[in-house]
Every structure is written in structure tokens, then in C-alpha cells.
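Peer 1: Residue numbering for the sequence shown follows the numbering used here, beginning at 250 and increasing consecutively. For glycine and all other residues, C-beta sits at the position ideal for the given N, C-alpha and C. Submitted below is the structure of interest, expressed as C-alpha cells.
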Amino acid sequence: MRCLAPHPAGSYLSDPQGSSQCATMELGPLEGSYLELLNSDADPLCLYHIYDQMDLAGEEEIELYSEPDTDTINCDQFSRLLCDMEGDEETKEAYANIAELDQYVFQDSQLEGLSKDIFKHIGPDEVIGDSMEMPAEVGQKSQKRPFPEELPADLKHWKPAEPPTVVTGSFLVGPMSSSSTLPCLPLPALFNQEPVSSRMCLEETDQMPMPSSSSSLSCLNLPEGPVQFVPTVSTLPQGLWQISGTGTGVSSIFIYHGEVPQASQVPPPSGLTVHGLPTSPDRPGSTSPFAPSATDLPSMPEPALTSRANVTEHKTSPTQCQAAGEVSNKLPKWPEPVEQFYRSLQDTYQAEPAGPDGILMEVDLVQARLERSSSKSLERELATPDWAERQLAQGGLAEGLLAAKERRRPRETQVIAMLGKAGQGKSYWAGAVSRAWACGRLPQYDFVFSVPCHCLNRPGDVYRLQDLLFSLGPRPLLAADEVFSHIVKRPDRILLILDAFEELEAQDGFLHSTCGPAPAEPCSLRGLLAGLFQKKLLRGCTLLLTARPRGRLVQSLSKADALFELSGFSMEQAQAYVMRYFECSGMTEHQDRALALLRDRPFLLSHSHSPTLCRAVCQLSEALLELGEDAELPSTLTGLYVGLLGRAALSGPPGALAELAKLAWELGRRHQSTLQEDQFPSADVRTWAMAKGLVQHPPGATESELAFPSFLLQCFLGALWLTLSGEIKDKELPQYLALTPRKKRPYDNWLEGVPRFLTGLIFQPRARCLGALVGPSVTTLADRKQKVLARYLKRLQPGTLRARQLLELLHCTHEAEEAGIWQHVVQELPARLSFLGTRLTPPDAHVLGKALEAAGQDFSLDLRSTGIDPSGLGSLVGLSCVTHFRAALSDTVALWESLRQHGETELLQAAEEKFTIEPFKAKSLKDVEDLGKLVQTQRTRSSSEDTAGELPAVRDLKKLEFALGPISGPQAFPKLVRILTAFSSLQHLDLDALSENKIGDEGVSQLSATFPQLKSLETLNLSQNSITDLGAYKLAEGLPSLAASLLRLSLYNNCICDMGAESLARVLPDMVSLRVMDVQYNKFTAAGAQQLAASLRKCPHVETLAMWTPTIPFSVQEHLQQQDSRISLR
């Protein structure tokens, strides 16, 4: 809570609620004495802050914090407060109260846990005598305050005692029960000891160089018994403090500002390193010694607040401490059952898959966001940023999770979603997160639990949170109640991974359900998940979901705290994966040949951005290379999976593949990928499918559960069932292509790969496709279905389809490999193709380019907001049939630079000549900056000797709109003005926006200076820009430069008064080309209107003057209109 303290002088008014609320206080010169302050009920925590702000009393307003941190309350402020109090004669009798205050503020829960036997290896027998140093100003700057029992009887004349002898250290804690002393010893001898384990892990603060102190003493007399060295806060004054009293767990504390030398080190003379005190449990990062104890904090049990409160989450974890060997920085010792569970959990996740399954490629994590699918729809979908606008999560998964955790609010459950299409490697990524934690790279979490969501579709109402955490993971873990109690006390240190979240039934209702279970009540697994998402269970934990971005799930994720997207393999990563695959398979001699096979099939190479398809290509290449050197890969996805399943199908029981395909289709209709063993028609089919790798036991599943190894394999088997089944009517077959969705009973295309595989299986030659899988017995049935689909595809009009359906149609016809259908589709393509807002993957760009080449006509492409990669953009731009294209400015400029660096002069020239930005609308500051980069590229190009002339995109721009709004508009408009003169053909400049740009008079003045260079400008729209009389005057000065070209001028809804109207009326006769002028909704009166009307009579070329405004009497407006019918009042 923050309190604002106004300037006027007054007294300190306390809050009757004590320290639970911040008092309202007025700063000013003190009235009376400090005794009045001591007798008040003011919160001591606020007193220090008030004192620290005394020299700021001349300010209007300052902020006080009820929960001070290192920057607001420290020992230096406390020391200055006490020193000033000592100089006040009227308050010397109150020193006893000060001592009580001293005892109160240092009685902290963090110090109560210090044990007298800590650092017990440092005993009196181990100490060696030598010289010691002490700062010369100890007696002047660091005087301790005594506790009440140490005060003399005459409190009025009491003075502080002389400081004791100290060691040049950081923070010494030791019992003072005996007056015996220890031999003198040097600092290196004292600190050249083996690090010792401590129950408290101290949080380090930033290093702060401090001046060195001169030496005045040479020896330290340490008390008898154990001694503990504790780093202190960085804000301690140079000198010594001694604190004694009951309730602290020690009999005396010595504090000295300095550096503790490490083993085998000599303390440097300057640049001392200062460390910090333990963090307050309820305020992460606060090192204030006045932090409230755990018992003062409501709603949380003390162990939950203090068990690991001293750990810096992004720096320390048990794994990290053990791996680094930093024994002195260990965490507080956990109970033995917790330690055993922790180690078993580590062992569960630490094992890496062997062979090709263990190949992990570091792919980019892109920060994702949701946006409305259309202006009229409230539904949201995953946004498609341009390639250069992608915001990568820097540092990989560990840093991405850490950054997301730091942005969340305290004690709030955080939901992080990792999105990606099927086969992009989301499950592999989830496994990599678990392994990263087990290896100590996610120290912000004490425990990580990974649960595949297909394990959560179980009936029953007898599940507890323990079952979700311990029983449903990759391997069930045994955990005692003590372990579970320990975990729920620190939910903010828990990461729960829910993999393949889209496989949950009705998963979109978890975030919107109105109720959730209590922690102790058994309920269904769905109820447990609802409690987690509604922050009623494990509140404060981190939920990490992996899911496909489709359907209603995306709407539910609109409330997620962070969204990431897996981008898949780049071309280089796909080729590196092929090399690694054959290396892990022990076939290094075939690496180069496998890469050559893949490069010979550009379509499969473009599909290799998907890790699942890249592995499928490697598997087929491995099988083909074992047969001989004349092998080659198929050119379609259908051929790829036919090659993978062909030999397995021939070796199986009769009809086994068809039965498995039926199971795949039925599961897909229910949005599932797992099945039970008893769902197989026979044990022979189950045994065959498991032996050939067509089904397998998924991680975390029961012994009776099986699943398809990949989603695309399930899609292929589902399409195979549609091809073989006699249950599907011929007239119903086209609906499964999902190219023209029906309004009534629309087809649920959950198995999104089915349409492409279906056309491939039906149209490709029987001998090398369908016949290779099930034999020639199904020829008659497949021929009939082929006729139905051919008739349907030839009736389609590609020009009427939306961009996504058009791309799907191109993929289907490519898989069919039927010349008649392919020619029909490509010849019906419209000349202007817009993919605005539709994501273009590498396979999409490849198929689109192939279709454009086969069409035999010229095309104009709009590729904005498609996320197309640079190689795909370059391939489309380089086609001779593409005469014009639009793409993101940043992507295009980056493409030009890449082509220039690689020396591809012809392609660079083509890309520059074909690029257009007509018309251009700037909707963000980045748009203006990108436009500036385009102009800069032209200027650089014009100054080069090997190129001459303007860029066509700059030279031919005729319409420019500026719509940034009232916040960004005034900031970005000066940047736009600086490049306006480069657009020599500009005819329409629209500075009007629904939210108002508000460029103001200054913007109009800057714009008017460019008019002499804008010789072609015909339309100037300055509506809703907060222009006053001054702006109208500046505009009138510049308008004569546009007299020969300007046709339309709009000043609608500004702040122009009579003087501005007079300026416009004066210049109006000079505008010989002006036809329409709009000055409606301004603030001039009848006088200004009459001046404009009088000037209009001198301008026979003007056709319309729109002049209605509420500040002019309606009778005057009617009279002026009767005199000149060109005056419009609408």
C-alpha cells in the first residue's frame, strides 16, 4: 500500500491499526521534540522512511511505502535517526524507548532460526594469532545502541559506550557468554577454511564498491564458542554495530561493513563486495531486517513461508547447488522423505531417450498472441506475425520460463501455453523441459510434474490432487503424506506440465467453470483440473500446456499469462537432423546419399520443417538405401506413408491394416489418439501392430493403453478407411475434403490431414499406392469413389474459395497427381491472389509456386501478414509469372539485403521491380519506421554507381494513409514528414483516423513545408487533428504551392475559429484547381462563415464548400446557402 504525504507541516499522525496499514503522515519541520514522536503510536517502519525524506520537505508530494525494502529502509537511516536524537536534550530520557524500538525491529523470524552450533568447526583451537585491521572511524560513525537492561540508572546523562574490538569482516554472530578472548589472527587465516554447510542460503545483492578504511587496531578478541559469518546488507555504513538482547537466538551480533575474503584469497584494499541479508518471505527481493515474521503473515502456514524463503529463485536450486559443489550455499535441509522423492523425480526425468528418439534440435520459441479473426467476430485465433516481426523467446526454454515467471503477480497461478501444429515437436519439448529441470537448469522450481493429457480422460470421482501429481506421470511415484504436505506449502515452486491438452474432452470449459473442488475433497480428474485453472488448487503454481492451436481451445487460452509457439525446423536444421539420424542409426556411410535423396524432392524438403515428417523421411530413406543405390523418394506425402507401411501391411494378418484403419478413424471422430487393447478385433492384429510400430504404449499410460506414434499416421490410416469402407456413401465423400464447409451439420475436421491423404489414395495409380497396401481386390470400390471426387473437384471454382481453402485444394490436387484435375484448378486461379492474414508454411509456398508456374498467366500476390519465411518469399518473387507482389516492408527489405549479400543480382532486380506498396496505410510506429527504411534503401540505391533511378515502390506510391491514433500519432508524424518528399507521385494524403491522430498545429506547420515538393497531391485530408487558428494560418501559407494540383481539402472536426477561417478565406481564390473544401464541425462563428462565403464568390472553380458547424446560427447558414448554392450544410 502506498500513502501520499502532502507538503504542509504538521504532526505525525499514527494509524490506529498499527503496522497493518500505512499511516497518513504529513512531512514538515518537527514541532516539539523527538519525545513527542516516541510517545506517538506511529509505526516504527514508517518512522525511518519519514526521517529519510526530511530533506525532501520542499517537494509537493512524495510516496511512502508501508512495506519498505532495501532502497527505502536500511541501517544507515536508522543510525542517522539515532545520532540526531542524541543531540536533542529534551529526548534523552526517551532512550529506553529507543532501545525497545531497537530490540523490536531486529527481532526477525529470519534471525530466530540461527543456531548457536552453526559453523561449529571454527573453534578456539583452530584460530591462529596475527594482526587485524579496524577502520579508524569506528568510534565516530558506528555506535551501538544498548538494550534496556544495559542502560545506566541515570538515563538523562547516559552516553553510548565505546565500540568493541572488531574483525574486518562482514557480519559476525557468536555467543558472548564468556569474557575470555581468542588469540589474534589474520583474515586469510580465519577464512581459509573449508566451506561449511549452513541451514540458511543467503541471497546476494548487487556488488557495490566501498572505500577502504585505514587500520587502527591489529587484533580481534573473539568470544569463546562457535562463530558464524553472515553477509550483510549493502547499505550498512562503514563501521561497527553491536546488537544484543533476548529473542534473537544469539547473545551478541557484531556488524561490520567490509568483505569476507574467500579461501586462498587476500582481501583487496578497495572495491569491497557487500552481500545481502535473507529475503523477507512475503516480499521477494527485500533484504530489510525489519521484515515481519512468518507468524505475522495471514493465510499461510509458517513452514510454507519460511522453508525456502531465503532462496533466490532464478539463481539457486538443490540440483544447481549439488552440481556446482557449492556446499556453503545449500538450501535448508528437507525432511528425508522429501529428499528421497526429489531424487526419484530427478531420476525419472533425467534419462534421455536412446537412438533416434533422443535427437533434439534447438528450435525457435516465438512469443505468440491471439487476435480477433475479423472485425465482426468476437472469436480469437492465433495471430500471424510477419517473419521480421516475430519476437523470439531469447535464451531457449529455461530463460523463457524464467522470464514468464518473473512477470507474474505474487501468489497467482500462472498459465503458460506452448502451441504448435501436429508434428511440430511439442511433446518432445515438454520432455526437454522436464530434463532441463532434472539437470538443474530450472532452479526457480523445486518440483516438476509432467502429465500426458490422454491419461486424464478417466471416469470416476475418487481422485485427489495427490493422484494427479504422483500417479499419472511417465512413471507412478510413491510419495508419503509428508511429501505432499511439503509440496503444497510452496506452490509457487511447482511446475505442472499438461502435454497434448487438446486431447482432453471439453477442455475449453476448465477456465470458465463457476466452481472448483476443495483441496481435500475427492472428485473427478476434470474437477481437479478445473480447480487448478480457477486457482483454487495449488494457487501460485505454474501450469504449462502444450496444445494444437485450433477450435474452442484457442478461445480458452485468451486468458493465459504467456503464449509461445514452436516454429519447427529451418532448412538447415532439417538437414542437420538427417545427418544426426543416420549417425545414431549407425549408418554414417549413407548420410550424404540420404541428403541427396531429400534434396531431389523439394516438396518433401519443404515438409521437413515438421520434425515428425522429417523423421518419417529418414525412416523411408533408411529402408530404401538398404535395398540398393537406385532408390528415390516419392514426391507426395501419400507416397511417403505408403512406402513406410507397404512392407508392414504385406507381412500382417489378412485384413489387419483395414481393421487398424477403422480404429484410427473412429478414434479421430472422438478426438482421441489412444485405445485399449481390447478394442482390437483380435490378438493377432494387436501383436502385429505393436511389432511393426504402428501402435505403442504412450508415456504414463496403463499397460492396456496404446496409441499411434504420430498424429499424421493416424490421419493416413483414417483416410485409408474412408477409401476402403463401403459404409461411406458416395455423395457424402466430398464433405471429408472440407473445401466447401456446410452451414448445416458441418464436418468436424479434427483429423486435418485426411483430405490430402484421401485424394492421394484414391487418385494415385493403384499398383504403387492402394494396391501396395491392401492388394488389387478393392479396385472396383475405389474407382467409383474416384469418379465422385473427380466430378466434385472439377466443379469447384478456385476464385470463389477463401485463401485457406484454396491452399488446401492445391495440396489435394498435388497429392492426386491427376493431370486433368491439376490443370483445371491452376487455370481457374484469379490473376490477383490475396493471402492477407493467412499463414503460409514452407509446403504452402512450394505448392503455390508450382501452381503459378503451371497456370501460364501473370499474377499479383498479396503476401502481407502470412509469416512466410525468406526462402519461400524469394522463390515466389523470382517466378517470371509474378509481376507484382506485396509483402511486409521489413521482410522485403531484409530479402533485398540478403540477395545483395549473396550476389544474386538478377533476383534482386526482379524483387525490386515487382514490389509495390500501393496503397499504404501506416497503423503503427513500426509501419512508419519500415517506410523510412524503404526510403533510405532508395537513397542508398540512387547513390550507387551500378544502379540508377528510384525504387518503383517509392516512385509509384499514390495513396498514403496515416492512422496511428492520439498517442502514437504526434510521435510518429515528424518521422513521416521527413520522408514524404521522396514520394514524388503521391496524390492522396489521408491523415484522418477514427481515433484522431491529433498532429496539431506543429504537425501542420511541418507538413506545409513539404508542399513545394508534393507537386502531384490531389487530396489532402486533415480531419480530426486538433488544428487551431495557428495551424490554419500555417496551412494557408503553404497551400499556394499546391494551387495547380489540389482538388480536395478537408479540415473536418478541428478547432478552427474566426481568425483561422479568415486565413483560409484569404487563400481560397488562389487555389485554382480546388473543387471541394470541407470545414464542418469547427468553431468559427457567423463572422468566419461570412468571410468564407464572400471568398467563395470569387472562386467559380470551387464546386462544394461544406461549412455546417454548431457555432453558427442556423438562420445565418440558411441565408448563406440561399446566396450561394455551393455551400453545403449536410
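#1: Under 6 Å Cβ to Cβ from residue 719, same chain only, skipping five residues before and after it: list those, please.
#2: Indicate whether residue 1023 and residue 907 have their beta-carbon atoms separated by less than 9 Å.
#3: Quick one, which of 1295, 882 and 900 has its alpha-carbon nearest residue 892's?
#4: Between residue 795 and the rest of its own chain, which residues show a CB-CB distance below 6 Å, the 5 nearest in sequence each way excluded?
#5: If you draw a straight line from the alpha carbon of residue 869 to that of residue 889, how long is it in whole angstroms?
#6: Which residue's Cα is closest to the Cα of residue 1021: 899, 936 and 910?
#7: Which two residues bound the contiguous alpha helix (DSSP H) that contains residue 865?
#8: Taking the runs of the beta strand (DSSP E) that are 3 residues or longer, which of them lie wholly in the stretch 1210–1264?
#9: By how many angstroms is the C-alpha of residue 1054 removed from the C-alpha of residue 1040?
#10: Under the assumption that residue 1187 contacts residue 1203 (Cβ atoms under 8 Å), give the Cβ distance between them as a whole number of angstroms.
#11: Just checking: is the beta-carbon of residue 1172 within a distance shorter than 9 Å of some beta-carbon in chain C?
#12: Let me know the secondary structure DSSP gives residue 1365 once reduced to three states.
#13: Determine whether the beta carbon atoms of residue 1297 and residue 1325 lie at a separation below 9 Å.
#14: Is it buried or exposed for residue 711, if we count other Cβ within 10 angstroms and need 16 for buried?
#15: Please report how far the alpha carbon of residue 617 lies from the alpha carbon of residue 632, in whole angstroms.
#16: On the premise that residue 1139 lies in contact with residue 1119, defined as a C-beta separation below 8 Å, what is that separation, rounded to the nearest angstrom?
#17: In chain order, what residues of the same chain have a beta carbon less than 7 Å from the beta carbon of residue 1206, not counting five sequence neighbours either side?
#18: Within 10 angstroms of the Cβ of residue 1085, are there 16 or more other Cβ atoms? Answer buried if so, exposed if not.
#19: Indicate the three-state DSSP secondary structure (helix, strand or coil) for residue 894 in the structure shown.
#20: I'd like to know if the stretch 948–964 and the stretch 921–929 are in contact, where contact means that at least 3 CB-CB pairs between them fall below 8 Å.
#21: What are the boundary residues of the alpha helix (DSSP H) that includes residue 1139?
#22: In terms of residue numbering, what span does the beta strand (DSSP E) encompassing residue 791 cover?
#23: Starting from the Cα of residue 1121, find the closest Cα among 734, 854, 709 and 733 and give me that residue.
#24: Leaving aside the five residues before and after residue 1303 along the sequence, list all residues of the same chain whose C-beta is less than 6 Å from its C-beta, in chain order.
#25: By the three-class DSSP mapping on this structure, what secondary structure does residue 1060 have?
#26: In the structure shown, what three-state DSSP assignment does residue 508 receive?
#27: Tell me the rounded alpha-carbon separation between residue 532 and residue 1268.
#28: By Cβ distance below 7 Å, which residues in the same chain neighbour residue 1076 in space, the five residues on each side in sequence not counted?
#29: Exposed or buried, which one is residue 857 when buried takes at least 16 other CB atoms within 10 Å?
#30: Within a Cβ cutoff of 7 Å, which residues of the same chain sit near residue 1107, ignoring the five residues on either side of it in sequence?
#31: Nearest-angstrom Cα distance between residue 638 and residue 658?
#32: Can you say whether residue 635 is buried or exposed, counting buried as having 16 or more other CB atoms within 10 angstroms of its CB?
#33: Using a Cβ-Cβ cut-off of 6 Å (strictly less than) and excluding sequence neighbours within five positions of residue 1290, which residues of its own chain qualify?
#34: Buried or exposed, going by whether 16 or more other CB atoms sit within 10 Å of the CB of residue 1066?
#35: Could you have a look at residue 879 and say whether DSSP puts it in helix, strand or coil?
#36: Where does residue 702 sit, in a helix, a strand or coil, going by DSSP?
Peer 2: A quick look at the data gives this:
#1: Position 470 of the sequence shown, counted from the start, is the residue given in the question as residue 719. Exclusion of the five residues before and after residue 719 leaves 726 and 728 as the residues of its chain whose Cβ lies within less than 6 Å of its Cβ.
#2: In the sequence shown, residue 1023 corresponds to position 774, counting from 1. In the sequence shown, residue 907 corresponds to position 658, counting from 1. Cβ distance < 9 Å, so residue 1023 and residue 907 count as in contact.
#3: Along the sequence shown, read from residue 1 onward, the residue named residue 892 stands at position 643. Nearest option by C-alpha distance: 882.
#4: Along the sequence shown, read from residue 1 onward, the residue named residue 795 stands at position 546. Closer than 6 Å at Cβ, skipping near neighbours: 667, 675, 679 and 748.
#5: Here residue 869 refers to the residue found at position 620 of the sequence shown. Here residue 889 refers to the residue found at position 640 of the sequence shown. Looking at the two C-alpha atoms, the distance is approximately 7 Å.
#6: On the sequence shown, position 772 is the one that residue 1021 refers to. For the residues 899, 936 and 910, the minimum Cα distance to residue 1021 belongs to 899.
#7: The residue labelled residue 865 in the question sits at position 616 within the sequence shown. Here the alpha helix (DSSP H) through residue 865 covers 860–876.
#8: Every unbroken stretch of the beta strand (DSSP E) spanning 3 or more residues and falling wholly within the stretch 1210–1264 is given here in chain order: 1237–1239.
#9: Counting from one through the sequence shown, the residue named residue 1040 turns up at place 791. Counting from one through the sequence shown, the residue named residue 1054 turns up at place 805. C-alpha separation (whole angstroms): 18 Å.
#10: Translated into positions along the sequence shown, residue 1187 becomes position 938. Translated into positions along the sequence shown, residue 1203 becomes position 954. About 5 Å; that satisfies the 8 Å criterion.
#11: Among the chains of the structure shown, chain C does not appear; only one protein chain is present.
#12: Numbered from its first residue, the sequence shown carries residue 1365 at position 1116. Three-state result, residue 1365: helix.
#13: Here residue 1297 is taken as the residue at index 1048 of the sequence shown, counted from 1. Here residue 1325 is taken as the residue at index 1076 of the sequence shown, counted from 1. Yes, they are a contact pair.
#14: Indexing the sequence shown from 1 puts residue 711 at position 462. The residue is exposed, with fewer than 16 neighbouring Cβ atoms inside 10 Å.
#15: Looking up residue 617 in the sequence shown gives position 368. Looking up residue 632 in the sequence shown gives position 383. Approximately 7 Å, taken between the alpha carbons.
#16: As a working note, residue 1119 is residue 870 in the sequence shown. As a working note, residue 1139 is residue 890 in the sequence shown. Not confirmed; about 11 Å, so no contact.
#17: The residue given as residue 1206 occupies position 957 in the sequence shown. Closer than 7 Å at the Cβ level, and outside the excluded window around residue 1206, lie 1166, 1167, 1169, 1232, 1234 and 1235.
#18: Walking along the sequence shown from the start, residue 1085 turns up at place 836. Residue 1085 is classed as exposed because its beta carbon has fewer than 16 other beta carbons within 10 Å across all chains shown.
#19: For the purposes of this step, residue 894 is taken as residue 645 along the sequence shown, with counting starting at 1. Under the three-state reduction of DSSP, residue 894 is assigned to helix.
#20: Because the criterion of three Cβ pairs below 8 Å is met, the stretch 948–964 and the stretch 921–929 touch.
#21: For the purposes of this step, residue 1139 is identified with residue 890 of the sequence shown, where counting begins at 1. That run of the alpha helix (DSSP H) goes 1138–1150.
#22: The count along the sequence shown starts at 1 and reaches residue 791 at position 542. Start and end: 791–796.
#23: Here residue 1121 refers to the residue found at position 872 of the sequence shown. Per the Cα distances, 854.
#24: In the sequence shown, counting from the first residue as 1, residue 1303 sits at position 1054. Excluding sequence neighbours, residue 1303 sits near 1276 and 1331.
#25: Here the question's residue 1060 lines up with position 811 in the sequence shown. For residue 1060, the secondary structure class from DSSP, reduced to helix, strand or coil, is helix.
#26: Residue mapping note: residue 508 aligns to position 259 of the sequence shown, counting from 1. Below a pLDDT of 50, predicted positions are generally treated as unreliable, and residue 508, at 43, falls in that range; the measurement from the model is reported next regardless. In this structure, residue 508 counts as coil in the three-state DSSP scheme.
#27: On the sequence shown, position 283 is the one that residue 532 refers to. On the sequence shown, position 1019 is the one that residue 1268 refers to. Confidence at residue 532 is low in this model, with a pLDDT of 39, below 50, so its placement is unreliable and the value that follows should be read with caution. Near 59 Å, if we compare the C-alpha coordinates of residue 1268 and residue 532.
#28: Translated into the one-based positions of the sequence shown, residue 1076 becomes position 827. Correct list, in chain order: 1104.
#29: In the sequence shown, the residue the question calls residue 857 occupies position 608. Burial check for residue 857: the Cβ neighbour count within 10 Å reaches 16 or more, so the residue is buried.
#30: Looking up residue 1107 in the sequence shown gives position 858. The answer, listed in chain order, is 1080, 1130 and 1132.
#31: Translated into the one-based positions of the sequence shown, residue 638 becomes position 389. Translated into the one-based positions of the sequence shown, residue 658 becomes position 409. Going from the Cα of residue 638 to the Cα of residue 658 covers about 28 Å.
#32: For the purposes of this step, residue 635 is taken as the residue at position 386 of the sequence shown. By the Cβ-count criterion, residue 635 is buried, with 16 or more other Cβ atoms from all chains shown falling within 10 Å of its own Cβ.
#33: Residue numbering aside, residue 1290 sits at position 1041 when the sequence shown is read from its first letter. The residues are 1260 and 1261.
#34: Taking the sequence shown and counting its residues from 1, one reaches residue 1066 at position 817. Of the other Cβ atoms in all chains shown, 16 or more fall within 10 Å of the Cβ of residue 1066; this residue is therefore buried.
#35: Residue numbering aside, residue 879 sits at position 630 when the sequence shown is read from its first letter. The three-state reading of DSSP puts residue 879 in coil, since its state is none of H, G, I, E or B.
#36: Here residue 702 refers to the residue found at position 453 of the sequence shown. Helix at residue 702.
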